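Student: Numbering (UniProt numbering), first residue to last: 1 to 301. Built from N, CA and C at the ideal position, the CB exists for glycine as well. Computed from a predicted model, the values in this text were never measured in an experiment.
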């Protein structure tokens with residue numbers, strides 16, 4: 001990758017010059033919101049949906065974003081162009097801003113806005129062909145009545161603890177249950193199970209983030225004639241499913257072939273998972289906002 005440029009509060013700076021104060025409440029308290037967005041062949045996938053979720057998250061925690069949706073969309077496109085990447089991952093971060101060591105958010109006078117664009121691959125390509133092993137973990141999902149899963153906040157400690165447990169078990173990802181024992185989501189992914197041609201995914205009220213990729217798969221599956229339901233299910237339902245797969249902006253659509261030592265289906269990515277992955281990869285290059293970056297070697301200064 002050529003020299004990397006980051007948008008930081010009204011200007012573009014080089015990666016090494018992108019600095020935030022240690023008094024920023026995003027650093028001190030995880031007070032802020034973010035979005036992860038993908039660029040495919042110069043197309044920012046589901047840009048409008050990501051922006052809508054970002055602004056809804058900010059409104060929910062009473063965080064004022066100092067740009068309109070249209071302005072921030074243009075700045076995001078400009079950041080992609082500035083880095084000249086045809087295929088990339090965008091991290092858009094809005095923190096509460098600089099305050100003092102107290103908790104009071106009203107002492108933070110202006111939010112900090114950061115847009116990062118860089119290449120990203122969460123899973124190597126061969127795992128999309130072979131599938132992944134995962135586990136369920138003791139760490140429970142935050143209760144929705146404590147912190148809504150619809151708020152994509154900077155405080156990801158719940159998810160980080162799950163990823164630590166996955167790492168200790170030497171697997172790629174792990175599933176969280178909620179306090180009632182229902183499957184909620186992975187550390188960074190939504191989960192789907194297929195059973196007798198019915199596709200199930202946990203509803204938001206059990207603690208699942210309403211993922212952009214998740215919703216895209218629901219729409220695609222419905223168009224392809226699948227019966228899709230958002231309803232609670234347990235680990236037993238996962239263990240006995242015909243197919244299991246995860247979805248996420250970074251992960252896309254990836255098959256799960258083993259959960260807690262139980263082999264799923266025939267122990268390889270299922271036919272329906274592959275159908276949905278293929279449909280998804282056709283969708284990502286056309287559903288979104290074009291940036292005009294068509295050459296991955298292009299660098300705009």
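#1: If you run the structure through DSSP and keep just helix, strand and coil, what is residue 283?
#2: Locate the alpha helix (DSSP H) running through residue 219, then write down its first and last residues.
#3: Leaving out five residues on either side along the sequence, give the residues of the same chain with a beta carbon under 8 Å from the beta carbon of residue 190.
#4: When the Cα atoms are used, what is the spatial distance from residue 157 to residue 164?
#5: Given 8 Å as the limit, is there contact between the segment 20 to 35 and the segment 103 to 115, that is, 3 or more CB pairs closer than that?
#6: Apply the 10 Å Cβ neighbour rule to residue 82 and answer buried if 16 or more other Cβ atoms are within range, or exposed otherwise.
#7: Is it true that the CB of residue 141 sits closer than 7 Å to the CB of residue 176?
#8: By the three-class DSSP mapping on this structure, what secondary structure does residue 5 have?
#9: If you follow the beta strand (DSSP E) that residue 194 is in, where does it begin and where does it stop?
#10: On the premise that residue 198 lies in contact with residue 241, defined as a C-beta separation below 8 Å, what is that separation, rounded to the nearest angstrom?
#11: Nearest to residue 119 by CA position, among 3, 21 and 102, is which residue?
#12: Count the other CB atoms, across all protein chains shown, that sit within 10 Å of the CB of residue 251; report buried if there are 16 or more and exposed otherwise.
#13: Give me, in chain order, the residues of the same chain whose beta-carbon lies closer than 6 Å to that of residue 188; leave out the 5 immediate sequence neighbours on both sides.
#14: Can you list the alpha helix (DSSP H) stretches of 4 or more residues lying completely in the segment 125 to 156, in chain order?
#15: Cα-Cα, which of 14, 54 and 267 is closest to residue 329?
#16: Alpha carbon to alpha carbon, what distance is there between residue 137 and residue 49?
#17: Please say whether residue 239 and residue 262 have beta carbons closer to each other than 7 Å?
#18: Based on the DSSP output, what are the partners of residue 92 in its beta bridges?
#19: Starting from the Cα of residue 123, find the closest Cα among 280, 253 and 168 and give me that residue.
#20: What would DSSP say about residue 44, mapped onto helix, strand or coil?
#21: Name the DSSP beta bridge partners of residue 175, please?
#22: Can you tell which of 29, 155 and 147 has its C-alpha closest to the C-alpha of residue 60?
#23: Around the C-beta of residue 51, are 16 or more other C-beta atoms found within 10 angstroms, so that it is buried, or is it exposed?
#24: If you run the structure through DSSP and keep just helix, strand and coil, what is residue 15?
#25: Could you check the C-alpha separation between residue 277 and residue 126 for me, to the nearest Å?
#26: Can you check the segment 254 to 280 for any beta strand (DSSP E) of at least 3 residues that lies completely inside it and give the ranges in chain order?
Tutor: Judging by the given coordinates:
#1: helix
#2: 212 to 223
#3: 201, 202, 208, 209, 211, 213, 214, 246, 247 and 248
#4: 10 Å
#5: yes
#6: buried
#7: yes
#8: strand
#9: 190 to 195
#10: Rounded, the Cβ-Cβ distance is 10 Å, inconsistent with contact.
#11: 3
#12: buried
#13: 248
#14: 125 to 130
#15: Here the chain covers residues 1 to 301 and nothing more, so residue 329 does not appear.
#16: 30 Å
#17: yes
#18: 35 and 115
#19: 253
#20: strand
#21: 136 and 186
#22: 147
#23: buried
#24: helix
#25: 14 Å
#26: none
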